[in-house]
Amino acid sequence: MQLNKAIQNRWSPRGFSKTPVSDEMIKLLFEAARWAPSSRNEQPWTYFFAQRENSKIFDEFVGLLTGNNPLWAKDAQVLIISVMSKISSYNNQPNGKALHDMGAASVSMAVQAAEMGIQIHQMGGFDKQKASEYLQLDTQRFEPVTMIAVGYPIEEKLGSEDQKNRKAQHQTRKELSEFVFQKTD
Ligand SMILES: Cc1cc2nc3c(=O)[nH]c(=O)nc-3n(C[C@H](O)[C@H](O)[C@H](O)COP(=O)(O)O)c2cc1C
């Protein structure tokens, strides 16, 4: 038995090649999110996306990013904004599990991406207020959670120092003994 290959191969690149990501792959990313588990099967996720061919919309998405994120995410082939539904359709009350379930859907997408030989890179660094206005969200009910860059990662040998640092950072993980505790009594 071994760790699932797509889980092993998933990482968050900061460099993307010019190779386009096919519409079929994009659809499969969202299909992967679709099949994620969620509390009461609320599926509290919504995704808005822009392809780089549509440079006007793509650049508007890039304009929502903050910090260093726009510097590298502008090279992605697809940019996505994930939005969670904060209110449960079950009882019209705040859904305390929405953030958890939104994350589960996006990780499902990340694993599917790795399976297909592309990668996604989630970003919390974007202007949520600006994104809400841009997407004309009812902020009582909806909240942007992450922006996600999608594409073929640039091979490490071709990549920048930043890209190499990113790969090294990826490989830093806590040991199981630091976060897994078996209760026996
Ligand atoms: C919710 C969330 C927000 C993140 N925000 C950013 C970000 O704004 N900028 C960035 O470069 N990376 C961001 N990351 C990527 C993490 O830094 C990255 O997942 C982590 O360092 C582990 O590396 P790996 O994904 O390559 O395994 C974010 C990841 C998550 C899940």
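Using UniProt numbering, read the sequence shown as starting at 1 and increasing by one per residue. Don't be surprised by glycine CBs; every beta carbon is placed ideally from N, CA and C. Given the structure is predicted, the values throughout are model-derived calculations rather than measurements.
| Query | Result |
| --- | --- |
| In the DSSP assignment, the alpha helix (DSSP H) including Glu176 goes from what residue to what residue? | The amino acid occupying residue 176 in the given sequence is Leu; Glu does not appear at that position. Taken as a continuous stretch (DSSP letters only), the alpha helix (DSSP H) holding Leu176 covers Leu176 to Phe179. |
| Counting pairs of beta carbons, one from the stretch 94–106 and one from the stretch 54–69, are three or more of them closer than 8 Å? | no |
| Less than 7 Å between the C-beta atoms of Val83 and Pro153, yes or no? | no |
| Can the beta-carbon of Val150 be found less than 7 Å from the beta-carbon of Gln51? | no |
| Identify the continuous beta strand (DSSP E) that holds Tyr47 and give its terminal residues. | Trp45 to Gln51 |
| Is there contact between the stretch 18–36 and the stretch 106–116, where contact requires at least three CB pairs shorter than 8 Å? | yes |
| Closer than 6 Å to a non-hydrogen atom of ligand 1 - does that hold for the CB of Ser108? | no |
| What's the C-alpha gap between Glu24 and Ile87? | 31 Å |
| Just the C-alpha distance for Ala6 and Gln112, rounded to the nearest angstrom, thanks. | 7 Å |
| For residue 199, which option in Glu115, Gly125, Asp127 and Lys164 has the closest C-alpha, if you only look at C-alpha atoms? | An answer regarding residue 199 cannot be provided, because it is not within the stretch 1 to 185 covered by the chain. |
| Distance check for Arg14 and Glu161, CA to CA, integer angstroms please. | 10 Å |
| Select from Lys174, Trp45, Gly117 and Gln140 the residue whose C-alpha is nearest the C-alpha of Val21. | Gly117 |
| Measure how close the beta-carbons of Ala110 and Arg173 come, nearest whole angstrom, since I'm counting them as under 8 Å. | Not quite, the Cβ-Cβ distance comes to about 15 Å (not below 8 Å), so this is no contact. |
| Grouping DSSP H, G and I as helix and E and B as strand, with all else coil, what is Gln112? | helix |
| Taking only three categories from DSSP, how would you classify Gln129? | helix |
| Classify Lys27: buried if its beta carbon has 16 or more other beta carbons within 10 angstroms, exposed otherwise. | exposed |
| Starting from the N-terminal side, write out each stretch of the beta strand (DSSP E) that is 3 residues or longer and does not extend beyond the stretch 17–72. | 45–51 |
| So the candidates are Glu60, Arg40 and Gln119; which of them puts its Cα closest to the Cα of Glu133? | Glu60 |
| By the 10 Å Cβ neighbour count, where 16 or more other Cβ atoms means buried, how is Val180 classified, buried or exposed? | exposed |
| Taking the DSSP output, what are the residues bridged to Glu143? | Met84 |
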